[in-house]
Each structure stands twice: as C-alpha cells, then as structure tokens.
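Going by numbering that gives the first Met the number 0, 10 is the number at position 11 of the sequence shown; the sequence numbering is gapless. Below: the structure, in structure tokens.
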Amino acid sequence: MHDNEKELSQEESLMIIQQMINTAKHEQKDDGKGWIAWGWMLFAASILTVINLRYKWFDIFFFWNMFGAVTLIVMVVELVKVFLMKRTTRVKTYTKTLFEKLNAGFFICIMFNIFAINLGVGPAKGFALLIGLYGFWILIYGTALDFKPSVIASFITWAFGFIALFQTKFEVVMLLHAGAVLVGYIIPGHIANREFKKLTGRKLNQSAGV
C-alpha cells in the first residue's frame, strides 16, 4: 500500500515538473509584435533620413528626434503600467526576468551611444556601432528562446554593422542601418508572430477538443 502511494507520488511529481517545463516554454514564446513595431519605426526613421538628406526638408536628425520622442512616450507609458496601474500578479519565469534586465541594459547602452555621437564620435561611426549592439541583443534573444531565425539574423546584422564601420557617408550608413533592422528585427519578428499564431491556434483546438 505504502509502495503504491510512493510510486503514485513520484509519477505525480514527474507530471508536475513536466507541466512546469511546458508552461515555461509557452510563456517564453514571443508573438514578435514588439520586434515588428520597433523594427518598422527604425526602418522608417532610416529611410526618411536618407530622403531628408537628399531633399533637405528638415534638420539631419529630425526623424531620429521624432523616433526618440516616441520612444520616451512608450517608456513613460510602460513605467505607468508598472508602478501605478493595478495589474494581476503573474509568476515570472527566469527568461522573462532576464529579458527585463537586458532590455534596461540595452537602452542604457543606446544612451551611451547617443551621447558618444553628440560628443564627437560622429553619426556615421555611431550608427555603425549601434548596429553592432543590435546584433548582440538579437543573438541573446535568439539563443535564450532557441529561436534560430534571430540567431542567424544576428550574424547578418553584424555584417551590416561591419560594412558600415568603413563608410564615411551618413546616407550610406542609414541605408545599411535600414537593411540591418529589416533582417534583424522585422523579418524574424514576422516569423515569430506567424509561429505564435500557429501555436495559439493549436492550443485553442486542443482546448475545444478538435
């Protein structure tokens, strides 16, 4: 009798562990919307800057200043959500906590890069270094979530950044920057979104008993 209870207890423990692993895997799935949104904004800022350099509509960094303003608004909204709005408390996985800290570090590095550009590094070299930073973050993301499109995209992004280091024309660097975010952010983001929708569809079918 005691042996059966012990055996049953072990089986239940294994089932609980398996459920925890599966829950963690599902929670780590990214719908890709963040990558798509930021990717298209970065892409638009790059292309509009190229057009602006040719037709001289506004100041050289006008569209990047607009992007910065949008970024600040988004950050303020997120801070309001975290500190002021009452939300349902969710159990955080290790990966989710890791990404939150890495996101903070990533934005701090971007701020360092922006200050460096303003202090004399120059926009061409500054944005080339920024592309390299994108590649590093994309590699971490892809590795942590075992998402191969992002891992592959990180190396292609670095290639864009390496080429940009040897360019002196800001217009060319902006085109390379646009290519980098297209490959590193937008394409993997859409792939992740498609896979997320497939996974969500399968879960709905399973819950409906289809």
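Glycine included, each C-beta is placed from N, C-alpha and C at the ideal position.
N51: first and last residue of the uninterrupted alpha helix (DSSP H) it sits in:
For the purposes of this step, residue 51 is identified with residue 52 of the sequence shown, where counting begins at 1. Residue range K32 to Y54 is occupied by the alpha helix (DSSP H) that includes N51.
Simplified DSSP state of I16, which is helix, strand or coil:
The residue labelled residue 16 in the question sits at position 17 within the sequence shown. Reliability fails at I16, whose pLDDT of 49 lies under 50, so the model's placement of it is uncertain and the value that follows must be treated cautiously. In the three-state scheme derived from DSSP, where H, G and I count as helix and E and B as strand, I16 is classed as helix.
How would you label Y54, buried or exposed, when you count the other beta carbons within 10 angstroms and need 16 or more for buried?
Stepping through the sequence shown from its first residue, residue 54 is reached at position 55. Y54 counts as exposed, since fewer than 16 other C-beta atoms from the protein chains shown sit within 10 angstroms of its C-beta.
Which class does G183 belong to by DSSP, given the choice of helix, strand or coil?
To locate residue 183, count along the sequence shown from 1; it is residue 184. The answer is helix: DSSP assigns G183 an H, G or I state.
Taking the Cβ atom as the reference point for each residue, do S153 and L132 lie within a distance shorter than 8 Å?
Position 154 of the sequence shown, counted from the start, is the residue given in the question as residue 153. Position 133 of the sequence shown, counted from the start, is the residue given in the question as residue 132. Taking 8 Å as the Cβ cut-off, S153 and L132 do not qualify as a contacting pair.
Residue environment, W157, which counts as buried when at least 16 other CB atoms sit within 10 Å
Working through the sequence shown from its first residue, we reach residue 157 at position 158. Classification of W157: buried, given that the 10 Å Cβ count is 16 or more.
Tell me where the alpha helix (DSSP H) around V150 begins and ends.
By one-based count along the sequence shown, residue 150 stands at place 151. Note, V150: alpha helix (DSSP H), K147 to L164.
Chain-order list of residues whose beta-carbon lies under 8 Å from that of W63 (same chain, five-residue window excluded)
Along the sequence shown, read from residue 1 onward, the residue named residue 63 stands at position 64. Annotation for W63: A44 and T48 place their beta carbon closer than 8 Å to its own, counting only its chain and skipping 5 residues before and after.
Can you give me the C-alpha to C-alpha distance between F126 and V79, rounded to a whole angstrom?
Start at 1 with the first residue of the sequence shown, and residue 126 comes out as number 127. Start at 1 with the first residue of the sequence shown, and residue 79 comes out as number 80. Each residue's alpha carbon lies about 30 Å from the other.
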